[in-house]
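Below you'll find the structure, written out as structure tokens, and then a few comments.
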Amino acid sequence: MADEKPYFDESDLAARGFDPAADLGAPGAFPYTRGPQASMYRGKLWTMRQYAGFSTAAESNKRYRYLLERGTTGLSVAFDLPTQIGMDSDDVRARGEVGKVGVAIDSIADMEALLDEIPLDRVSISMTINAPASILLALLLVVAERRGIPWAKLNGTIQNDILKEYSARGTYIFPPAPSLRIVTDIFEFCAREVPRWNTISVSGYHIREAGSTAVQEIAFTLANGLQYVRSAVERGLDVDSFAPRISFFFNAHNDFIEEVAKFRAARKLWAKLMRERHAPKDARSIALRFHAQTAGSTLTAQQPENNVVRVAYQAMAAVLGGCQSLHTNGRDEALALPTEESAKIALRTQQILAFETGVTSTADPLAGSYAIESRTLDLEREALELIEKIDAMGGALAAIESGFMQNEIGESAYFAQRALEEKRAIVVGVNEFTESDSPKLPIMSIDEQVELDQVASLVAYRAARGGAWQAALARLDVAARADENLMPHIVEAVRSDCTVGEIVSTLKATFGEHRDQGF
């Protein structure tokens, strides 16, 4: 094996049947190994996002404007746990979680406050939301509508990747089948009404954070993506009507060479599989575009200043791998939500990469490297074998329902933990190079008054609204029981002042709730 030698050379590529024309091509051309655009960062830099959201909508809005003033080029919204699972802030099950790991959004009033003075027709908005993605998208659309901004001018992304919730993350609401229906409804609705919106961000990030290997991250992510495409085509949608707006979300992890190769292999494999299985006519339907986030699971509470270095080289791997959008984690995120200072350092990390390192002057600067190309080939082929295994099970949905993906991720996480405990893997400051007295960073905390204020605001909101909300929920219920696209009804419910929790409860009456099988 090539990795048994002290170096890589041309023989390693020859042994794998490497063909520069077929395996590399040119940037912006099939199989997109070298990037989805010909000019890459010489034409346009990646979007610099900072994932942020906490406390109330008004407080989060202040952080967004702080970041925009310092050069962020796109916003990425973090929602609190109740919002992620479709609960209003006054739900008894939401107690103690309101505004803690993200911003609390209950109603159109909250979304208007969240996006106050944010130019929606000029700033790309990404929302990390899955089970209630249709509702949060509807809230944003109605805010734009009230400001007189045409939906056609909106540019952004909703994660909307429900399948990985069942295998790696857990913020699901409905069972898989109705959840896939809603995903497809969003594809269909946005193709017609919000054409510049990325309707899904198929996420490998959370799969990797749950403990998967790089190969599993590629394979499970692309298998989920193929399932979404198949569901939409079976609905009768033309693949070119929605596939150009499918985006991906990958983890930028520790192994620098492997991570650069991983991004290239994922692009190459998606292009091949989409062309073979769906024969789209629009090249954008097979050109994988992705957002990357540096690996939260690699950040340490011990010697937290070291996290600045970790984030920097993970971000460099994402850039050399050709990301279209990037979030860099704060140095203190193993301890708490990032402070303003930590968020600024994380943003400055991206700006230094973009403007000081010179890596943006060449498309795919590492192309042709023996190590990079060899690892790209290995990852592509190993991931394809795993995808074909999933295909044999009936696809991603069947692999999740059987527990296959969950078990594979869990086993990988176990072996990774054993490697740390046995010091076969070294983490500086944790199992080697430790210090008894680690420097203390100022950390951010959320005052308990936030929840009380949010609940009071919600109660007042409900008391002040008219009666249109009840009729809107009744129409949504009828549509859910029929075979209608739900998005127009959800938008109408938002216009009628329904809350997130009320819309979710209405859909639960038809769809039920998913219960983890405990594989």
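At position 226 of the sequence shown (counting the first as 1) the number is 226 in my numbering, and the numbers step up by one without a gap. Quick reminder that beta carbons are idealized off the backbone N, C-alpha and C, glycines included.
DSSP bridge partner residues for residue i (one or two, in chain order)
i	result
residue 48	326
residue 77	52, 127
residue 156	125, 197
residue 251	293
residue 345	DSSP, once it has assigned bridges, lists no residue as partnering residue 345.
residue 428	432
residue 246	200
residue 103	79
Length of the line joining the Cα atoms of residue i and residue j
i	j	result
residue 297	residue 93	27 Å
residue 317	residue 256	6 Å
residue 200	residue 247	6 Å
residue 112	residue 54	16 Å
residue 29	residue 324	16 Å
residue 2	residue 12	With a pLDDT of 46 at residue 2, under the threshold of 50, the modelled position of that residue is not reliable, and the figure given next carries that caveat. Cα-Cα distance, rounded: 6 Å.
residue 65	residue 71	10 Å
residue 314	residue 274	28 Å
residue 86	residue 183	16 Å
residue 398	residue 166	12 Å
residue 63	residue 24	41 Å
residue 138	residue 458	19 Å
residue 124	residue 514	32 Å
residue 357	residue 466	57 Å
residue 348	residue 299	18 Å
residue 221	residue 164	8 Å
residue 502	residue 460	16 Å
residue 126	residue 132	14 Å
residue 391	residue 283	24 Å
residue 278	residue 31	15 Å
residue 22	residue 301	45 Å
residue 404	residue 268	25 Å
residue 499	residue 470	11 Å
residue 162	residue 456	31 Å
residue 287	residue 172	29 Å
Cutoff 8 Å; reference residue i; Cβ partners in own chain excluding five residues on either side
i	result
residue 351	48, 71
residue 342	330, 331, 332, 333, 441
residue 39	27, 28, 363
residue 432	423, 426
residue 393	399, 402, 404
Limits of the unbroken alpha helix (DSSP H) element including residue i
i	result
residue 202	Premise fails: residue 202 lies in the beta strand (DSSP E), 200 to 203, not in any alpha helix (DSSP H).
residue 372	370 to 393
residue 406	404 to 421
residue 135	133 to 146
residue 495	487 to 495
residue 61	57 to 69
residue 474	468 to 481
residue 314	306 to 320
residue 400	396 to 401
residue 506	500 to 511
residue 151	First-last for residue 151: undefined, no H or E at that position.
residue 12	10 to 15
residue 263	256 to 278
residue 366	Here residue 366 belongs to no alpha helix (DSSP H), and DSSP marks it neither H nor E.
Host beta strand (DSSP E) of residue i (start-end)
i	result
residue 221	First-last for residue 221: 214 to 235, but that is the alpha helix (DSSP H), not the beta strand (DSSP E).
residue 542	Past the edges of the chain, shown from 1 to 519, lies residue 542, and the structure says nothing about it.
Cut-off 7 Å between Cβ atoms - residues of its own chain near residue i, not counting five sequence neighbours on either side
i	result
residue 285	239, 240, 243, 244, 274
residue 479	486, 489
residue 153	121
residue 195	152
residue 558	There is simply no residue 558 to check, as the chain begins at 1 and stops at 519 in what is shown.
residue 272	31
residue 375	257, 258, 261
residue 481	510
Same chain, Cβ closer than 6 Å to residue i, neighbours up to 5 away in sequence not counted
i	result
residue 149	120, 121
residue 425	419
residue 292	250, 252, 318, 323, 326
residue 102	53, 78, 79, 80
residue 303	429, 438
residue 234	none
residue 386	219
Would the region 105 to 121 and the region 131 to 151 be scored as touching if the rule is three or more Cβ pairs under 8 Å? The region 105 to 121 makes contact with the region 131 to 151; the number of CB pairs closer than 8 Å reaches 3 or more.
Does the region 98 to 115 touch the region 158 to 177, meaning 3 or more C-beta pairs lie closer than 8 Å? Contact between the region 158 to 177 and the region 98 to 115 is absent, because fewer than three Cβ pairs lie under 8 Å.
Stretch-stretch touch, CB-based, cutoff 8 Å, three pairs: the region 204 to 215 with the region 409 to 420: The region 204 to 215 vs the region 409 to 420: in contact.
Cβ pair count under 8 Å reaching 3, the region 438 to 447 against the region 327 to 339: With the cut-off at 8 Å, the region 438 to 447 and the region 327 to 339 touch.
Using 8 Å as the cut-off, can you tell me whether the region 250 to 270 makes contact with the region 364 to 384, which would need three or more C-beta pairs spanning the two stretches below that distance? By the C-beta criterion, the region 250 to 270 is judged to be in contact with the region 364 to 384, since at least 3 inter-stretch pairs fall below 8 Å.
Give a yes or no on contact between the region 368 to 378 and the region 72 to 81, applying the rule of three or more CB pairs nearer than 8 Å. Judged by Cβ distances under 8 Å, the region 368 to 378 makes no contact with the region 72 to 81, as fewer than three pairs qualify.
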